[in-house]
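Here is the structure we will look at.
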Amino acid sequence: MTTPRWIGRPVKRVEDRRLITGRGSFIDDLPTAVNIHHAAIVRSPHAHARIHGYDVATALAMEGVIAVITGADVAKHTKPFPVG
């Protein structure tokens, strides 16, 4: 097996100039579609923080929120599998 020739070498990136000059396009720049549900993922602003709890009732009481899915919900409805 041969090593790819690009490992350890500089790679010309074509997207950098428009991103660092403020001409990039991001998903938040697009208009929202009508009657489409969107998801927001809430994370701790602190690295390696332990989240001891959260109040889903507060989120559910907010205008436009139709559901809250927690990590426990995901674990209950999915079967994790090893990757690698």
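So in the numbering used here, spot 16 of the sequence shown is number 11, and the numbers just go up one at a time. Virtual Cβ for every residue (Gly too), placed ideally from N, Cα, C.
If you look at R0, you'll find it isn't in any alpha helix (DSSP H); DSSP assigns it neither H nor E.
T16 and E10 have their alpha carbons spaced roughly 11 angstroms apart.
Closest in alpha carbon position to T53, among A42, I61, T(-2), is I61. Here the alpha carbons of A35 and R12 stand approximately 29 angstroms from one another. Boundaries of the alpha helix (DSSP H) around T53: 51 to 55. Rounded to the nearest whole angstrom, the C-alpha separation of H43 and P77 is 22 angstroms. V51 places its beta carbon less than 8 angstroms from that of V63.
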